Amino acid sequence: MSLTDNYDCTNCGACCRCFPIYASNKDAEREPRIHSEALTMPKYLQHEDRAYQLYPTPFRDRCAFLKEDKRCEIYATRPSVCRRFEAGSKQCIEARRRLGIR
Numbered sequence: 008m009s010l011t012d013n014y015d016c017t018n019c020g021a022c023c024r025c026f027p028i029y030a031s032n033k034d035a036e037r038e039p040r041i042h043s044e045a046l047t048m049p050k051y052l053q054h055e056d057r058a059y060q061l062y063p064t065p066f067r068d069r070c071a072f073l074k075e076d077k078r079c080e081i082y083a084t085r086p087s088v089c090r091r092f093e094a095g096s097k098q099c100i101e102a103r104r105r106l107g108i109r
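FYI, in my numbering the residues of the sequence shown are 8 to 109.
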């Protein structure tokens with residue numbers, strides 16, 4: 008049994024504030040607002056999973072789509088990297104630790 012099996016997401020938003028968040032061209036096709044809210048990465052840095060950068064970006068302390076209530080504005084159409092992120096994973100625990108959330 009893994010840690011993620013017994014861990015419920017607390018909607019703290021730490022995962023949207025601590026790690027770089029990238030979106031692919033396919034993600035941007037699924038959610039067109041990515042084009043206007045994210046930085047387009049230079050062609051030489053782009054690859055299959057990284058065409059846009061949602062966080063970190065200048066003057067933002069979180070993903071462009073994380074609302075004040077810590078809910079994702081585009082949850083239904085969120086990028087693949089967000090869909091793969093698991094509550095209770097090592098990355099989740101590290102994000103919470105960085106923000107002082109237990």
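Just so you know, even glycine gets a beta-carbon here, dropped at the ideal spot from N, CA and C.
Everything numeric in this text was worked out from a predicted model, so none of it was measured.
Asked, Found
"Through-space distance from arginine 103 to arginine 85, alpha-carbon basis", "21 Å"
"Option nearest alanine 35 by Cα separation, candidates Ile81, Gly95, Glu101 and Ala94", "Ile81"
"C-alpha gap between alanine 94 and tyrosine 51, whole angstroms", "32 Å"
"Residue closest to alanine 21, alpha-carbon to alpha-carbon, out of Arg91, Cys70, Pro49 and Ala58", "Cys70"
"Leucine 61 (DSSP reduced to helix, strand or coil)", "strand"
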